[in-house]
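For reference, the structure is listed below as structure tokens.
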Amino acid sequence: MTEVIHMSGVTVRRGRTLLIDSIDWVVHENQRWVVLGPNGAGKSTLVQVAATHLHPTQGVVTILDEFLGLTDVFELRPRIGLVGAGLAAAIPAREPVRDAVVTASWGVTGRWREEYDAMDWARADRLLEQWGMSELADRTFATLSEGERKRTQIARALMSDPELLLLDEPTAGLDLGGREDVLARMAEMADDPGAPTTVMVTHHVEEIPRGTTHALLIRQGRLVAAGPVESTLTDDNLTQTYELPVHIDRHEGRWSARAAR
Ligand SMILES: Nc1ncnc2c1ncn2[C@@H]1O[C@H](COP(=O)(O)OP(=O)(O)OP(=O)(O)O)[C@@H](O)[C@H]1O
Ligand SMILES: [Mg+2]
670 MTEVIHMSGV
680 TVRRGRTLLI
690 DSIDWVVHEN
700 QRWVVLGPNG
710 AGKSTLVQVA
720 ATHLHPTQGV
730 VTILDEFLGL
740 TDVFELRPRI
750 GLVGAGLAAA
760 IPAREPVRDA
770 VVTASWGVTG
780 RWREEYDAMD
790 WARADRLLEQ
800 WGMSELADRT
810 FATLSEGERK
820 RTQIARALMS
830 DPELLLLDEP
840 TAGLDLGGRE
850 DVLARMAEMA
860 DDPGAPTTVM
870 VTHHVEEIPR
880 GTTHALLIRQ
890 GRLVAAGPVE
900 STLTDDNLTQ
910 TYELPVHIDR
920 HEGRWSARAA
930 R
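Numbering (the numbering used here), first residue to last: 670 to 930.
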């Protein structure tokens with residue numbers, strides 16, 4: 670099985686703070702990971718390293734068989750789709766939704782003089798359809814609801830047909846309907862054998878989509894546990910991650926957690 674992410678002893682230090690500390694993590698092709706941990710645990714830092722946007726202070730990282738530090742990240746980045754906090758801010762407010770998606774094929778966030786061919790537009794339209802945005806394709810990005818923005822960003826992240834898709838809190842700020850819609854579309858994507866390997870960060874086990882295969886738990890920059898979901902999402906591991914007695918349940922492929930009494 671091909672390794673999509675391989676981190677070995679990965680540390681990111683800023684001043685005296687260790688954002689992540691000696692992380693060992695291997696993601697194989699076709700796995701779908703969820704990353705959980707409290708605020709400030711280092712989840713986004715981990716995603717930024719995997720996205721090649723952040724260089725570790727220590728340790729070795731290979732992404733899609735390319736060594737970070739030895740490879741041209743500009744060639745590697747189109748093979749990685751990223752939905753993170755920074756992206757929504759980078760999309761110009763008056764950019765139509767369809768343009769906000771198609772511009773990803775040039776790796777830019779606003780349309781200017783680039784040319785797109787019929788295949789690019791066809792792919793953008795297919796992704797907008799897949800993420801329930803066809804009817805809003807001509808609307809400007811600024812007028813979208815939070816849920817519509819998230820779905821546009823996911824469609825955009827898939828535009829370059831990436832081998833790795835990184836989603837940092839794709840369901841944050843969504844209402845119940847919006848959250849369930851994104852999770853259902855992610856579960857649908859998980860059923861597609863051509864779909865990219867996925868890593869999704871979330872705060873809530875209720876937001877883990879069906880089809881998730883693996884989980885990584887992180888606390889204060891250190892790995893608590895990583896492995897197949899069933900054996901990783903346990904009361905003990907979550908209790909250790911959140912430093913709070915937690916009880917977790919699984920029902921019909923979805924998870925729920927509460928403080929244990
Ligand atoms: N440039 C920096 N200098 C010092 N500390 C930093 C810097 N950037 C981030 N941090 C700290 O690193 C820690 C990890 O941040 P990170 O954003 O990875 O956490 P997170 O798990 O994504 O949190 P959240 O759930 O709140 O999004 C935080 O405590 C943050 O304050
Ligand atoms: Mg974060």
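By construction, the Cβ of each residue, glycine as well, lies at the ideal position given by its N, Cα and C atoms.
| Item | Value |
| --- | --- |
| State the beta-bridge partners of Val679 as determined by DSSP. | Ile692 |
| Could you tell me if the beta carbon of Lys712 falls within a distance shorter than 6 Å of some heavy atom in ligand 2? | yes |
| Thinking just about the alpha-carbon of each residue, which of Gly816, Thr871 and Ala793 is nearest to the one in Asp844? | Gly816 |
| Counting pairs of Cβ atoms below 8 Å between the segment 700-720 and the segment 892-910, do you hit three or more? | yes |
| Could you give the C-beta distance for Leu797 and Val770, rounded to a whole number, given that I count them as a contact under 8 Å? | 6 Å |
| Would you report the Cα separation of His873 and Ser925, rounded to the nearest angstrom? | 8 Å |
| What separation, rounded to the nearest whole angstrom, lies between the Cα atoms of Trp790 and Gln700? | 29 Å |
| Have a look at Ala895, Arg854 and Ile887 and flag the residue whose alpha-carbon is nearest the alpha-carbon of Pro878. | Arg854 |
| Given this structure, state the Cα-to-Cα distance separating Ala719 from Val729, to the nearest angstrom. | 11 Å |
| Using a 10 Å radius around the Cβ and a threshold of 16 neighbouring Cβ atoms, would you call Phe736 buried or exposed? | exposed |
| Measure the C-alpha to C-alpha separation of Asp918 and Ala757 and round it to an integer number of angstroms. | 33 Å |
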